[in-house]
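In UniProt numbering, the protein residues as written are 1 to 306.
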C-alpha cells in the first residue's frame, strides 16, 4: 500500500503560480445552473458552440448485458496502439458530451499511443441515477470484451473529470463486485465529487448544488456508494491518481477519497495544484499544462506495468 503524499504538491509548480493567480483574477467565476431553466440555457449555448469539424473521432455503439450506449473512439494518428483509455466526461451529470472531449482525447491518443473511448452516457434530470452509471458500466464491460479484438491490446486505464471521476469510481466498484476490475491498470480521477449526500465535511461544501438534485434528488439515502462512492467498500481497486486544484471547492472531498482509498489498501497518488480552481486542467495556463503532462506520464507508467 502506498499513498503518494510525497507528491502532494509537485516540484516545479512554483513557476506557474503567479500566472495562475493572474488568470483567476481576470476570469469571471461562473456558477453552475441553479435550476432547470438555467440548465436549458447552458445546454443551448454549449450545443451552438460545439463543433466537431476536423475531429477524427468515430461514433460507435457499445453493447453489453442487454444494454447499449454510444461511444466516441479516437485512435492515435501516427503510431501503433499500445493501450486503451476509457474516458468519462465532465458536466455535473447534466451537461457535456463525449464530443466535447474530442480535442483532449486526440492529444492523449497521439501522446501515448492509446485508443480513447469516451462514453456518451445519459444525462440528468431527464435520465437520473442510475442511468449514467448503468451506461458507464455497459461501456466498460464492452471494452473488456472487445479491446483485444478491436485494438490489439488488453492494457486498459479508466479516467474522468469532475462528475466523470465520480462515475469512474462507481464503475470500478460495480466491476470489482463482478470480479472484473483487475484488467484496468489504473484510474485517473480529476477533481471528482465523492459525497453527494452532504454528510461529510467535504460533501457539505457543495450539498446545495442543483446538479445533486437533478441527478439523485429522488433518492432518499444518497450515501449509497453507487451515488457517493466515498461510502463504499474501496478494497481491491486499481492504482489511482487523484488530481485537484488547491482552490477547488472539492479539494476536501478529494483528500477524503484519497485517504479512504489508501486505508482500503490501494496504491494512491494524489496531486494538488496550487492556485487552481475546479476544472483547471481545461484552462489555458502553465499549471494546467503541467498537470496534463503529469497525468499523461502517470498513464504511460501504468500501461508499461500492465
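No residue lacks a Cβ here, since even glycine has one placed at the ideal position from N, Cα and C.
Bear in mind that the values here come from a model prediction, so they are computed numbers and not experimental data.
For residue i, the first and last residue of its enclosing alpha helix (DSSP H)
i	result
residue 44	36-49
residue 304	286-305
residue 133	131-151
residue 70	Element bounds for residue 70: not the alpha helix (DSSP H) but the beta strand (DSSP E), 67-74.
residue 17	14-26
residue 203	201-204
Span of the beta strand (DSSP E) around residue i
i	result
residue 63	58-64
residue 212	Not the beta strand (DSSP E): residue 212 falls in the alpha helix (DSSP H), residues 210-216.
residue 184	184-190
residue 159	156-161
residue 84	83-88
residue 115	114-119
Per-residue burial, residue i [other beta carbons within 10 Å of its own, 16 or more giving buried]
i	result
residue 155	buried
residue 275	buried
residue 135	buried
residue 36	exposed
residue 30	exposed
residue 178	exposed
residue 164	buried
residue 209	buried
residue 48	exposed
residue 221	exposed
residue 218	exposed
residue 265	exposed
residue 38	exposed
residue 54	exposed
residue 128	buried
residue 278	buried
residue 159	buried
residue 14	exposed
residue 33	buried
residue 309	Nothing in the structure corresponds to residue 309, since the chain is present only between 1 and 306.
residue 233	exposed
residue 201	exposed
residue 190	buried
residue 44	exposed
residue 18	exposed
residue 245	buried
residue 171	buried
residue 269	buried
residue 304	exposed
residue 51	exposed
residue 176	buried
residue 285	buried
residue 162	buried
residue 1	Legend: pLDDT at residue 1 = 40, less than 50; position of this residue unreliable, no value from coordinates given.
residue 120	buried
residue 182	exposed
residue 174	buried
residue 289	exposed
residue 68	exposed
residue 192	buried
residue 11	exposed
residue 271	buried
Distance between beta carbons of residue j and residue i, contact taken as under 8 angstroms
i	j	result
residue 186	residue 299	7 angstroms
residue 261	residue 241	Going by Cβ atoms, the distance from residue 261 to residue 241 rounds to 11 angstroms, so no, they are not a contact pair.
residue 257	residue 215	That pair is no contact at about 18 angstroms.
residue 250	residue 227	Actually they are not in contact, since the Cβ atoms of residue 250 and residue 227 sit about 16 angstroms apart, beyond 8 angstroms.
residue 115	residue 75	5 angstroms
residue 199	residue 223	6 angstroms
residue 167	residue 133	6 angstroms
residue 20	residue 287	5 angstroms
residue 143	residue 86	6 angstroms
residue 72	residue 57	4 angstroms
residue 301	residue 112	Not confirmed; about 10 angstroms, so no contact.
residue 123	residue 93	7 angstroms
residue 84	residue 25	Not a contact, Cβ separation roughly 40 angstroms.
Residue i at chain B interface by Cβ criterion, 9 angstroms
i	result
residue 256	The structure shown contains no chain B; it holds only a single protein chain.
**Prompt:** Which ranges would you report for the alpha helix (DSSP H) in the region 227-268 if only whole runs of at least 4 residues count?
**Reply:** 251-263
**Request:** May I ask you to verify whether the region 138-151 touches the region 93-107, counting CB pairs closer than 8 angstroms and requiring at least 3?
**Result:** no
**Sufficient close CB pairs (3 or more, under 8 angstroms) joining the region 83-97 to the region 54-69** = no
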